[in-house]
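Peer 1: Heads up: the protein sequence lines correspond to chains A and B, in order.
The first sequence maps to residues 1 to 600 in the UniProt record's numbering.
The second sequence maps to residues 1 to 191 in the UniProt record's numbering.
Where a beta carbon is used, it is the ideal one built from N, C-alpha and C, also for glycine.
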Amino acid sequence: MMPLFDFPGGIHPPENKAQSSATPIRQAPLPPQLHVALRQSMGNAARPCVAIGDRVAKGQLIASADGRLSAAVHAPTSGVVSAIAPQPFAHPSGLPELAITLDSDGEERWIERQPLHDWQQRSGAKIRDFLAQMGIVGLGGAVFPSHLKLGLKLGVSPLETLVINGAECEPYISCDDRLMRERADAICDGIAVTRHALQARQVLIGIEDNKPQAIAAMQAAAAAHGFGVVAVPTKYPSGGAKQLIRILTGKAIPHGVRATEHGVQCFNVATVYAIGRAVLHGEPLISRIVTLTGAVEAAANVEALIGTPLDQLLALVRPHRDSHEVVMGGPLMGFTLPDLAAGLTKAGNCLLVKSPALFPPRPPAQACIRCGDCASACPVSLQPMDLFWFAKAKNFDKAQQWQLFDCIECGACSYVCPSQIPLVDYYRFAKSEIWAAERDKNAANLARQRHEFRQFRLQRDKAEKAQRLADKAAQAAARQAASHSAAANVAPASDPKQAAIAAAMARAAAQREAAPLPEQHSSGLNDAKQAAIAAAMARAAARKAAADEAKAASGQPPAPPPSSSGLDDAKQAAIAAAMARAAARKAAADQARANQQPDP
Amino acid sequence: MSQLLIAVALMLLLALLLGAILGYASVRFRVKADPLVDKIDAILPQTQCGQCSHPGCRPYAEALAAGSDDINKCPPGGEDGIRKLAELLGVEFKPFGADAPQPKAKAVALIDEATCIGCTLCIQACPVDAILGAAKQMHTVIASECTGCELCLAPCPVDCIRMIPPGSELTNWKWRYPTIPIRNVSSGATR
Ligand code: SF4
Ligand code: SF4
Ligand code: SF4
Ligand code: SF4
């Protein structure tokens, strides 16, 4: 028996899992129409790669990942793409999101599946790329793309412990429980792949001790692989990744640090199951198991295709007549669904139907009495009452100082608060305000950069124009001088000299013209910009010298194009300045040589 | 006596040495730009709209640093901005003047591309180069770069630019401030 550790705080809400965990996983019927949202992970929404009217096979890629945090999306069934348009989306905002609407043809015709049979010979990088194509994301709720968790630079290499999260601590939810009971072998296959990809030394599967059947099934399946199955004490939120890592390994992962840096990585059981299906069977992530529970006639776990309209799923379990809202996720961390026409997403682990009888409305919030119950319930050892105070007063700097972003929004504090304050709502509000301020700040910085660059560009244009005029004047003067000297029969050797004098005078005039400009706006431009201006002027001067001594200045490098991105200005300006300086020096030297040669 | 002299000499030496180091450091590590202007400029919203009657945010920041202007002149910054300026400059909060421009919701410019005649006047007006186009070509606004300064509206000879509120998306959606839902109790409250 390995020693277990404990995390601070935690609560013991009524479990209410028996309603849904009693019956086996059912297959949800194939819906006639699916709305597959393109935003199936953190990060950008995927980019559709099919057109309206296309006939697609089950498992075919219909939208490819757009950026690092994005995940690919596949057709959950065979059929015809009938629309690519904004549809209701399972998100607290109620804002519609772009989705691919698929009219199923009922054939369930698979695309040719290409499993990675020789995964044992493949490197972690290869498996990672494969999973990225398969659209695998974390199914525990955060929908973080799984390949990124495999790809993170390992701090301790090879990884010490791979933690498999089967805790499923939130009340009402039982999809992982049923999955472990019924498909333990497939889960262990997925774990084996994951372990291979990470080169993990040991595997620990943490399951709360309120799921004895799941523990038994997993023990039986894991024995052959040598994975450890650990029954952890039932306490919410033991299923938080950091909390479970703490329980199993005793390691407290600080905020902003990746678990891999401490030699640990954590995957949800449903995620490793999906990894196994992808690698061993070539099936992309197109379905998941959902718990349908709460105020319903027959709570159940169903395996449903991604994109199945949620109201059709709910119809399977017959919600009570007095049900008034549906929550996606559990009672503590879930959010109320604004529109049930939305399609199931990869994040949808549970649909919890609420009725006033089962979930009496929360009494109105009273003032905080600073009882400290929330602080002793918080699994991250925060001071929720202070965070609440700062969030309420919109004192966001202070809230951040008090580690607002360590809050995992577990809801333990709201649960215990005797004053019934919806604490988590305040934290979510504060967090999104801080993010918005961050976005504004970035936008302002961008605007500042662009404005400064524009100012620089205007001056540069002005200086170049002045230089062009001066060039013309110099040329005219040189021509005049040439004709003059020819007429007066002066020695031809003085020609270039006179031209050089005229050029120098023109240069001086141009400098006089251009010189006040940088001073005038010097406050608005930093040194780099000024250097760039100087460089542009030097370039122009060098060009001029080159024109005067066309044959001597053949080695002048082409002037680099002005940088259009404000970011690299400093660097580019420095390079440009150096190049211009060198060119000017070379031209001057050549000129001097050219002037010297005729003399003796 | 000699001990006293040694002590005095030592102190003198030390003072000279430290003075030299400090003097060198003050030359070597001189802060070139005026840090106050930078700090003020960091608070200003960089809309570059000129409503403060300065040709951009930086000049306003300079005026504020020099104490030659009031802190309540920047409508895009909102009252929040005034509050931050007041805090930074150690002066009293001052609301927007009654007849001065008032803050309004952020918007981005949109060019009606069918009407645009490609005169490039708006390009020349835009302080952040957020408009893309060329002579006699249709112009368009790069929405993500537009600060909403409205400077492009006036020069347009065919009035084809208008300001639209930025679209509400998941990426910029915010949780609401938690409020207590109001319930209708009129039927029960009459008793
Ligand atoms: S539990 Fe509620 S009342 Fe008690 S200190 Fe926390 S916020 Fe205040
Ligand atoms: S919601 Fe946040 S503050 Fe409240 S108990 Fe959970 S982690 Fe702590
Ligand atoms: S009023 Fe406009 S130009 Fe002046 S500081 Fe504010 S945003 Fe900048
Ligand atoms: S496009 Fe118009 S409103 Fe937007 S920043 Fe440019 S000038 Fe201002």
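CB C49 (chain B) to CB K73 (chain B), shorter than 8 angstroms?
Peer 2: no
Peer 1: Using 8 angstroms as the threshold, is the segment 134-146 of chain A in touch with the segment 279-296 of chain A, meaning 3 or more CB pairs across them?
Peer 2: By the Cβ test, the segment 134-146 of chain A is in contact with the segment 279-296 of chain A, since at least three Cβ pairs between them sit closer than 8 angstroms.
Peer 1: Who does V163 (chain A) pair with in a DSSP beta bridge?
Peer 2: A:L204, A:C266
Peer 1: Using a Cβ cut-off of 8 angstroms (strictly closer), state whether A436 (chain A) contacts chain B.
Peer 2: yes
Peer 1: When the Cα atoms are used, what is the spatial distance from L153 (chain B) to P45 (chain B)?
Peer 2: 20 angstroms
Peer 1: For chain B, check one thing: does any of its Cβ atoms lie closer than 8 angstroms to the Cβ of F390 (chain A)?
Peer 2: no
Peer 1: Is V230 (chain A) near ligand 2, going by C-beta to nearest heavy atom under 7 angstroms?
Peer 2: no
Peer 1: Which residues in the same chain have their Cβ closer than 7 angstroms to the Cβ of S419 (chain A), if we skip the five residues on either side of it in sequence?
Peer 2: A365, Q366, A367, C368, I369
Peer 1: Kindly indicate which residue of A:A90, A:A72, A:D129 has the alpha-carbon position closest to the one of A341 (chain A).
Peer 2: A:A90
Peer 1: I need the DSSP call for N301 (chain A), collapsed to helix, strand or coil.
Peer 2: strand
Peer 1: Following the continuous alpha helix (DSSP H) through H196 (chain A), name the residue where it begins and the one where it ends.
Peer 2: Its alpha helix (DSSP H) spans residues 184-198.
Peer 1: So if DSSP puts F335 (chain A) in a beta bridge, which residue, or which two residues, is it bridged to?
Peer 2: Answer by DSSP bridge pairing, in chain order: A:M328.
Peer 1: Would the beta-carbon of A16 (chain A) fall within 8 angstroms of that of C175 (chain A)?
Peer 2: Here the sequence assigns Asn to residue 16 (chain A), which means Ala is not the residue at that position. No, the pair does not count as a contact, with Cβ atoms beyond the cut-off.
Peer 1: Nearest to L382 (chain A) by CA position, among A:N395, A:R362, A:C413, A:V353, is which residue?
Peer 2: Closest by C-alpha distance to L382 (chain A), out of A:N395, A:R362, A:C413, A:V353, is A:C413.
Peer 1: Quick one: list the residues of chain A neighbouring R176 (chain B), beta-carbon separation under 8 angstroms, in chain order.
Peer 2: F429
Peer 1: Kindly list the residues whose CB is nearer than 8 angstroms to the CB of L305 (chain A), restricted to its own chain and excluding five residues on each side of it in sequence; keep chain order.
Peer 2: A28, L30, P31, L34, P76, T77, I286, S287, L344
Peer 1: DSSP three-state call for S78 (chain A): helix, strand or coil?
Peer 2: coil
Peer 1: What residue from A:N210, A:T293, A:D373 has the CA that sits closest to T23 (chain A)'s CA?
Peer 2: For T23 (chain A), the closest of A:N210, A:T293, A:D373 by C-alpha to C-alpha distance is A:T293.
Peer 1: With respect to the alpha helix (DSSP H) encompassing C57 (chain B), which residues constitute its N-terminal and C-terminal limits?
Peer 2: 57-65
Peer 1: Beta-carbon of P492 (chain A) versus every beta-carbon of chain B: anything under 8 angstroms?
Peer 2: Confidence at P492 (chain A) is low in this model, with a pLDDT of 47, below 50, so its placement is unreliable and no value can be given for it.
Peer 1: For S287 (chain A), list the residues DSSP reports as bridge partners.
Peer 2: S287 (chain A) is bridged to A:L305.
Peer 1: Give a yes or no on whether 8 angstroms exceeds the smallest Cβ distance from residue 278 (chain B) to chain A.
Peer 2: Here chain B has residues from 1 to 191 only, and residue 278 (chain B) is not among them.
Peer 1: Using the Cβ count rule (16 or more neighbours within 10 Å means buried), how would you classify G67 (chain B)?
Peer 2: exposed
Peer 1: Would the beta-carbon of P95 (chain B) be found less than 7 angstroms away from any heavy atom of ligand 3?
Peer 2: no
Peer 1: Answer yes or no: do A109 (chain A) and K149 (chain A) have a C-beta to C-beta separation smaller than 8 angstroms?
Peer 2: A quick correction: the sequence has Arg, not Ala, at residue 109 (chain A). Contact: no.
Peer 1: Do A83 (chain A) and I62 (chain A) come within 8 angstroms of each other at the CB atom, strictly closer than that value?
Peer 2: Against a cut-off of 8 angstroms, the Cβ pair of A83 (chain A) and I62 (chain A) comes out as no contact.
Peer 1: Classify T140 (chain B) as helix, strand or coil using the three-state DSSP reduction.
Peer 2: strand
Peer 1: Check this for me: beta carbons of A46 (chain A) and S20 (chain A), under 8 angstroms apart or not?
Peer 2: no
Peer 1: Starting from A223 (chain A) and walking both ways along the alpha helix (DSSP H), at which residues does that stretch end?
Peer 2: 212-223
Peer 1: Out of A:Y426, A:I173, A:Q403, A:R321, state which residue places its alpha-carbon closest to the alpha-carbon of M328 (chain A).
Peer 2: A:I173
Peer 1: Thinking C-alpha only, which one of A:R321, A:D440, A:A259 is nearest T171 (chain B)?
Peer 2: A:D440
Peer 1: Within 10 angstroms of its Cβ, does Q312 (chain A) collect 16 or more other Cβ (buried), or is it exposed?
Peer 2: buried
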